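What follows is a single structure, written as structure tokens, with notes after it.
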Amino acid sequence: MPHTYERLSEVRAEGDLCFAHYTSAEALLNILRSRQVWFRNAGTMNDFSEVEHGLTMLAEAWESEPGKDLRQLLDGLNDGMVDELVAHHNGWQPTYTEQTYLFAVSEHKHSDADYGRLSMWREYARKSGVALLLNREPFETDTNLLKAYTTPVMYVLKDEFIANFDRIRSAVRDNRDDLAKLDPALLVGAVFQAFRFMALSTKHPGFEEEREWRVIYNPTMESSPYFQERIEVIGGVPQKFYALKLETIESDGQTLDLSPNALVQKVIIGPTLYQRTIGEAIVHALTSAGVEDAGNKVTYSNIPVRT
6 MPHTYERLSE VRAEGDLCFA HYTSAEALLN ILRSRQVWFR NAGTMNDFSE VEHGLTMLAE
66 AWESEPGKDL RQLLDGLNDG MVDELVAHHN GWQPTYTEQT YLFAVSEHKH SDADYGRLSM
126 WREYARKSGV ALLLNREPFE TDTNLLKAYT TPVMYVLKDE FIANFDRIRS AVRDNRDDLA
186 KLDPALLVGA VFQAFRFMAL STKHPGFEEE REWRVIYNPT MESSPYFQER IEVIGGVPQK
246 FYALKLETIE SDGQTLDLSP NALVQKVIIG PTLYQRTIGE AIVHALTSAG VEDAGNKVTY
306 SNIPVRT
């Protein structure tokens, strides 16, 4: 997906950028004590409607002029390829909400370093919020060990979405001689995955200040032994989610260090009347989870508390 490759390149060029997971102090304590992060179902998250937004944008792009041209190009490579692609997409589309599990983070730039972003505190971490700052290396590592994939959110409406969609058409057109030599099933799979990630990572421009990235896991499509299926009551709603253990993973000659000590860069305690109390508890939990020099990794947002 062109947008993903471009954003990854931009992030790698920004040396001081990391990712922030805004959450409650209670949730962070649970993460550190269990050494797990939870991937929540897309249908239970507060931006569920944005998955529908992405699907709507994709449907409109498919019927646009670039979409019609893409269909001609694909069928020109192999007769019946478009029908196969449509059947594949329609068959899997229900899983985009029902069987897709997400872990969301936000780009954290140097300008956010001392206090975090007020809009994020208000939306995701009220009263006793924290921002867990994560080193970005695991998010940009080229590996499929987890069968979970990181993608930046694209904040667009119809015209800009179609412009991005048109880049897929252009790539197929410009490389059709080479693509004609491929197994048609491989090409169908590649275009299908591009469509899937465009649908799952598109939000309304009104949310652009979130600067969100999503780690996407679909166990019905690709399962991983590193995820554990669990059932818990969250916010009064019994629900299934998948827990990923924070540990070093080694398999097939690949290593992915997800240990708390490797992941955690810093924790910002958000605006609250109980900053020092929360901070002391977080330092203890970080130390117990194996994070070195935990006392120097907890800071306090200086945004004034409103009472």
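According to the numbering used here, the sequence shown holds residues 6 to 312 in order. Every residue, glycine too, gets a C-beta built ideally from N, C-alpha and C. No experiment lies behind these values; they were computed from the predicted model shown.
Taking only runs of the beta strand (DSSP E) that begin and end inside the segment 35-112, which ones reach a length of at least 3 residues, in chain order?
41-46
Measure the beta-carbon distance from threonine 105 to alanine 47 and round it to whole angstroms, keeping in mind my assumption that it falls under 8 Å.
Translated into positions along the sequence shown, residue 105 becomes position 100. Translated into positions along the sequence shown, residue 47 becomes position 42. Right, the Cβ-Cβ distance comes to about 4 Å (below 8 Å), so this counts as a contact.
So, does the segment 190-208 touch the segment 86-94, judging by three or more C-beta pairs under 8 Å?
yes
Rounded straight-line distance, which links the Cα of leucine 278 to that of threonine 312
Locating residue 312 in the sequence shown gives position 307, counting from the first residue. Locating residue 278 in the sequence shown gives position 273, counting from the first residue. For threonine 312, the pLDDT reaches just 49, beneath the cut-off of 50, and the residue's location in the model is therefore unreliable, although a value from the coordinates is still provided. The straight-line gap from Cα to Cα measures roughly 9 Å.
Counterpart residues of valine 220 in DSSP-defined beta bridges:
Translated into positions along the sequence shown, residue 220 becomes position 215. BP columns for valine 220 point to Phe108, Thr155.
Option in Val220, Asn301, Gln270, Lys245 with minimal Cα separation from asparagine 149
Sequence index remark: in the sequence shown, residue 149 carries index 144 (1-based). That would be Val220, whose Cα lies nearest to the Cα of asparagine 149.
I'd like to check one pair, lysine 271 with leucine 138: are the Cβ atoms closer than 7 Å?
Counting from 1 along the sequence shown, the entry for residue 138 is found at position 133. Counting from 1 along the sequence shown, the entry for residue 271 is found at position 266. Yes; because the gap between Cβ atoms is below 7 Å, this pair is in contact.
Between which two residues does the beta strand (DSSP E) carrying aspartate 14 extend?
Counting from one through the sequence shown, the residue named residue 14 turns up at place 9. The question names aspartate, but residue 14 in the sequence shown is serine. It is not in any beta strand (DSSP E) - serine 14 instead sits in the alpha helix (DSSP H) that spans 7-18.
Hey, quick one: how far does the beta strand (DSSP E) through alanine 248 stretch, first residue to last?
As a first step, residue 248 must be located in the sequence shown, where it is residue number 243. From DSSP, the beta strand (DSSP E) with alanine 248 extends over 242-250.
Which residue spans inside the segment 243-297 form an unbroken alpha helix (DSSP H) run of at least 4?
265-268, 280-293
Let me know the secondary structure DSSP gives alanine 136 once reduced to three states.
Taking the first residue of the sequence shown as 1, we reach residue 136 at position 131. DSSP places alanine 136 in strand when its eight states are reduced to three.
Using a Cβ-Cβ cut-off of 7 Å (strictly less than) and excluding sequence neighbours within five positions of asparagine 307, which residues of its own chain qualify?
As a first step, residue 307 must be located in the sequence shown, where it is residue number 302. Cβ neighbours of asparagine 307 beyond the five flanking positions: Asp119, Tyr120.
Where phenylalanine 212 and aspartate 257 are concerned, what is the direct C-alpha to C-alpha distance, given to the nearest angstrom?
As a working note, residue 212 is residue 207 in the sequence shown. As a working note, residue 257 is residue 252 in the sequence shown. Answer to the nearest angstrom: the Cα atoms are 39 Å apart.
I need the DSSP call for threonine 312, collapsed to helix, strand or coil.
Along the sequence shown, one-based indexing puts residue 312 at 307. Here the model assigns threonine 312 a pLDDT of 49, short of 50, so the residue's position is not dependable, and the following value carries that caveat. Threonine 312 falls in the coil class under three-state DSSP.
I need the DSSP call for tyrosine 129, collapsed to helix, strand or coil.
Here residue 129 refers to the residue found at position 124 when the sequence shown is read from its first residue. Helix.
Just checking my contact of leucine 33 with valine 135 at CB under 8 Å: how many whole Å lie between their CB atoms?
Start at 1 with the first residue of the sequence shown, and residue 33 comes out as number 28. Start at 1 with the first residue of the sequence shown, and residue 135 comes out as number 130. At roughly 5 Å, the Cβ-Cβ gap stays under 8 Å, so leucine 33 and valine 135 are in contact.
Take the Cβ of alanine 294 as the centre, count every other Cβ of all protein chains shown within 10 Å, and call the residue buried at 16 or more, exposed below.
Translated into positions along the sequence shown, residue 294 becomes position 289. Buried is the call here.
Comparing alpha-carbon positions, which option in Trp67, Thr102, Asp74, Asp88 lies nearest phenylalanine 246?
Here residue 246 refers to the residue found at position 241 when the sequence shown is read from its first residue. Minimum Cα distance to phenylalanine 246 is reached at Thr102.
Sorted by chain position, which residues of the same chain lie with C-beta nearer than 7 Å to glutamate 234's C-beta, five sequence neighbours on each side aside?
Taking the first residue of the sequence shown as position 1, residue 234 is located at position 229. Same-chain partners within the cutoff: Lys245, Tyr247.
Nearest-angstrom Cα distance between alanine 18 and glutamate 11?
In the sequence shown, residue 18 corresponds to position 13, counting from 1. In the sequence shown, residue 11 corresponds to position 6, counting from 1. One C-alpha to the other measures close to 11 Å.
Figure out for me which residue from Lys208, Asp74, Glu252 has the closest Cα to the Cα of glutamate 165.
Counting from 1 along the sequence shown, the entry for residue 165 is found at position 160. Checking every option, the nearest Cα to that of glutamate 165 belongs to Lys208.
Member of Arg131, Arg281, Gly59 whose CA lies at the smallest distance from the CA of lysine 163:
Taking the sequence shown and counting its residues from 1, the one referred to as residue 163 is at position 158. Comparing Cα-Cα distances from lysine 163 to each of Arg131, Arg281, Gly59, the minimum goes to Gly59.
How about threonine 156 and serine 206: do their beta carbons lie closer than 7 Å?
Within the sequence shown, the letter at position 151 stands for residue 156. Within the sequence shown, the letter at position 201 stands for residue 206. Their beta carbons are under 7 Å apart, which means threonine 156 touches serine 206 by this criterion.
In terms of DSSP beta bridges, what is alanine 25 paired with?
As a first step, residue 25 is located in the sequence shown; it is residue number 20 there, counting from the start. Paired residue(s): Ser111, Leu138.
For the ligand ZN, is there any heavy atom lying closer than 6 Å to the beta carbon of proline 210?
The ligand ZN is not part of this structure, which contains no ligands at all.
What are the partner residues of glutamine 233, as DSSP defines its beta bridges?
Position 228 of the sequence shown, counting from 1, holds the residue named residue 233. Per DSSP, Ala248.
With DSSP as the reference, please indicate the residues paired to threonine 207 in a beta bridge.
For this step, residue 207 is matched to residue 202 along the sequence shown. DSSP output for threonine 207 lists Met159 as bridge partner(s).
With C-beta atoms as the reference, is glutamate 112 less than 7 Å away from arginine 178?
In the sequence shown, residue 112 corresponds to position 107, counting from 1. In the sequence shown, residue 178 corresponds to position 173, counting from 1. Cβ distance not < 7 Å, so glutamate 112 and arginine 178 don't count as in contact.
Check this for me: beta carbons of phenylalanine 170 and proline 71, under 7 Å apart or not?
Within the sequence shown, numbered from 1, the residue matching residue 170 stands at position 165. Within the sequence shown, numbered from 1, the residue matching residue 71 stands at position 66. In contact: phenylalanine 170 and proline 71 (Cβ atoms closer than 7 Å).
Measure from the alpha carbon of lysine 132 to the alpha carbon of each residue in Leu184, Ile274, Tyr160, Glu65, then state which is nearest.
Taking the sequence shown and counting its residues from 1, the one referred to as residue 132 is at position 127. Nearest option by C-alpha distance: Ile274.
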